[in-house]
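Asks: In mature numbering (1 follows the signal peptide of the UniProt record, and there is no 0), the protein residues as written are -26 to -1, 1 to 500.
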Amino acid sequence: MTSFNPFSLPILFLSILTFLSLTAHAADPVYLNTVCENTTFSANNSIYQSNLKSLLSSFSSNANLDFYATNKGANTSDPVYGPSNCRGDVTPQHCRECVEAAVKELTNKCSREKVAVIWYDECVLRYSNRSFFSTVDEAPRLVLLNTQNVTDQDKFNQLVNTSMISLLTDLAREISDVSTGAKKFGTRQVNISAFQKLYNLLQCTPDLSGADCYSCLLDAINLVPWCCGGKQGGRIVFPSCNIRYELYPFYRMVATAPLPSPGLQPPPPDSDSGPKGKGKISPVIIIAIVVTIAASVVLVILAYCFLRRRARKKSDAINEESPKQPDGFLNYHAASEISADLGVESLQFDFVTIEAATNKFSDDNKIGEGGFGKVYKGVLLDGKEVAVKRFSSKSLQGLEEFKNEITLIAKLQHRNLVRLLGFGIEGEEKLLVYELMPNKSLDIFIFDSKKRPLLDWKTCHNIISGIARGLLYLHEDSRLKIIHRDLKPSNVLLDHDMVAKISDFGMARIFYEKQNIANTKRVVGT
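This is the structure:
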């Protein structure tokens, strides 16, 4: 009979644990969003491009640091400044993975822009052609919310605010005595009931002073009722600080292992186990010890894998067009992300004004519908008639179209382009306000047998000429070279005089100077 080897079990369990550790380690950082400010560009092979490559390379080289800030080319005409900052609870390994992923993503998405910021769940990375170190920046901002509602909204909202302010007060007290550059991060659990807790997180970039950190976090907390009131979770993310609350643990909880009691001594060896003084240990005891330790470690790793998998599923919901998560997983949806640097704040309408103008989005006011959502006729307080495009809250593609239209149309002015009068955003509601086109769209005249006779040769010629002039402006004459990518009769609107106006720039693409070829990762258009 083969003798029992007490060391074979530890080797077996170590092999299993190594495999599980590698599996858990393979989880990617959770991507949130990127903003490339397309108002300033750098040419290929320029001094700024060289400095930017050097900066991004230094990020990768120092990716295991919680916070790293530097500049490149400070003595040149085109310097670039940038920090990387990891969430306060992530491990150095995950910090490095997140920063490396952010560098790669920024290189692909914002290679020509002089200002950019990218957010992951575990880190944030940004750069600019102006120095912003030790300065509070609250734009561009990212708002994410949990679409699940709570039952007692008023009570829950009050609890969120109270717990956030309490955590902020304690954090401010802790960081008041630390030097600039020290970690500014705090978490807290609050008991809601015997079976439910509220989890809070606050963090600033370490380059801020204690007072600036407090001010930034307070501004973020004050936005919670606006974006996330009555929701089970939400977060406000600024470049300089961020806050988050959930009904489940979303940050790493580091527990201190209890010290062994000095009074406990190992039991004396059993007199029947063998000759005294030989130091032999029963194989049964070895098996019991190994199994207990291994089982505990396996449970910890499995719990870690489960939490990482749940985080990845929440991230996937951001990129799905019709996000439906299985029960038990919270569905995240980007509610708004408007950059103050776009210079369009003066165009913003409050939601109540638009709701009143459209008679609370009555079906009687509906004049159109598409994959993005619905279009309503509205009348403002001054009597001006407008068209309101209301994006569907379930369409994540609609969010991208929303941002794209504001970015582009607000900066374009031409007789043959539809004019954007403003926009509105509140929670998941995304609204665009245009000048009203009484004759609606060209497709109505083409496919309606009663209206088709109105398209005589002169009218058709004027419409075609108007479309051509609008396209010429977009392709050649505007400050930004723009390819529409979704031009069709339903996107050509007609005013009182049947003048054609190109609309719907949600899928439009900006081409840079001297650029005539570009690649795309998704098929769009009609």
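Using N, Cα and C, we set each Cβ at its ideal position, and we do this for glycine too.
Since the structure is predicted, the reported quantities are computational estimates derived from the model, not experimental observations.
Give the range of the beta strand (DSSP E) segment to which G342 is assigned.
Replies: 340 to 344
Asks: Residue range of the alpha helix (DSSP H) that L405 falls in?
Replies: No alpha helix (DSSP H) contains L405, which is instead part of the beta strand (DSSP E) from 403 to 409.
Asks: Quick check: the Cα distance between Q127 and S167, rounded to an integer number of angstroms?
Replies: 15 angstroms
Asks: What are the partner residues of F376, as DSSP defines its beta bridges?
Replies: Answer is none; F376 lacks a bridge partner.
Asks: In three-state DSSP terms, what is G204?
Replies: Note: G204 maps to coil in three-state DSSP.
Asks: Helix, strand or coil for G440, going by three-state DSSP, please let me know.
Replies: helix
Asks: For K252, collect the residues of the same chain with a Cβ closer than 6 angstroms to its Cβ; drop the 5 residues on either side in sequence, then sort them by chain order.
Replies: Legend: pLDDT at K252 = 46, less than 50; position of this residue unreliable, value from coordinates given subsequently. Excluding positions up to five away in sequence, the list is empty.
Asks: First and last residue of the alpha helix (DSSP H) that includes V134?
Replies: 127 to 149
Asks: Assuming E379 and F479 make a contact with CB atoms under 8 angstroms, what is their CB distance in whole Å?
Replies: Contact check for E379 and F479: beta-carbon distance about 5 angstroms, within the 8 angstroms limit, so the pair qualifies.
Asks: Please classify M481 as buried or exposed, where buried requires at least 16 neighbouring CB atoms within 10 angstroms.
Replies: It is buried - the Cβ of M481 has at least 16 other Cβ atoms within 10 Å.
Asks: Would S24 pass as a contact of F41 if the rule is Cβ separation under 9 angstroms?
Replies: No, these two residues do not count as a Cβ contact at 9 angstroms.
Asks: Apart from the five residues just before and just after Y101, which ones in its own chain have a Cβ nearer than 7 angstroms to its Cβ?
Replies: Only L26, L29, V54, Y55, G56, A90 meet the Cβ criterion.
Asks: Output the distance between the C-alpha atoms of D95 and L391, rounded to the nearest integer angstrom.
Replies: 39 angstroms
Asks: The beta strand (DSSP E) with K348 in it runs from where to where?
Replies: Note, K348: beta strand (DSSP E), 347 to 353.
Asks: Would you tell me roughly how many angstroms separate the C-alpha atoms of T136 and P114, rounded to the nearest one?
Replies: Put simply, the backbone Cα of T136 is about 26 angstroms away from that of P114.
Asks: Going by DSSP, what residue range makes up the beta strand (DSSP E) through I362?
Replies: According to the sequence displayed, residue 362 carries Val and not Ile. Segment 359 to 365, the beta strand (DSSP E) holding V362.
Asks: Measuring straight from C-alpha to C-alpha, what distance separates D193 and G62?
Replies: If you take the alpha carbons of D193 and G62, they lie about 20 angstroms apart.
Asks: Quick one: Cα of A384 to Cα of L394, how far?
Replies: So the two alpha carbons sit approximately 6 angstroms from each other.
Asks: First and last residue of the alpha helix (DSSP H) that includes L30?
Replies: That run of the alpha helix (DSSP H) goes 21 to 35.
Asks: Tell me where the beta strand (DSSP E) around R162 begins and ends.
Replies: 158 to 165
Asks: Counting C-beta neighbours from all protein chains within 10 Å, is the total for V265 16 or more, i.e. buried, or is it exposed?
Replies: exposed
Asks: With K78 as the anchor, note down where its alpha helix (DSSP H) starts and where it stops.
Replies: 66 to 83
Asks: Compare the beta carbon distance of N465 and S477 with 9 angstroms and say whether it is the shorter of the two.
Replies: yes
Asks: Specify the secondary structure class of F106 as computed by DSSP and reduced to three states.
Replies: coil
Asks: Could you check which residue in T161, G203, S20 has the C-alpha nearest to that of R86?
Replies: S20
Asks: For M227, count neighbouring Cβ atoms within 10 angstroms of its own Cβ and tell me buried if that reaches 16, exposed if not.
Replies: exposed
Asks: Report the residue from C60, V73, I92 whose alpha carbon sits nearest the alpha carbon of V9.
Replies: If we check each option's Cα against that of V9, I92 comes out closest.
Asks: Does DSSP put residue 552 in a helix, a strand or coil?
Replies: In the structure displayed, the chain extends from -26 to 500; residue 552 sits before or after that span and is not available.
Asks: Based on the DSSP output, what are the partners of L394 in its beta bridges?
Replies: Y408
Asks: Based on DSSP bridge pairs, tell me the residues matched to L468.
Replies: A474
Asks: Go ahead and label C434 buried or exposed: buried means 16 or more other beta carbons lie within 10 angstroms of its beta carbon, across all protein chains shown.
Replies: exposed
Asks: The beta strand (DSSP E) that contains E87, what's its start and end?
Replies: 87 to 94
Asks: Given H388, which residues of its chain have a CB within under 7 angstroms of its CB, disregarding the five upstream and five downstream residues?
Replies: G444, Y447
Asks: Using only alpha-carbon positions, find the residue among D469, F325, A75 that is nearest to E359.
Replies: D469
Asks: Go ahead and pull the three-state DSSP assignment for A277.
Replies: helix
Asks: Quick one: what's got a C-beta closer than 8 angstroms to C190's C-beta in the same chain, skipping five residues either side?
Replies: V110, E112, C178, L182, F212, S214, C215
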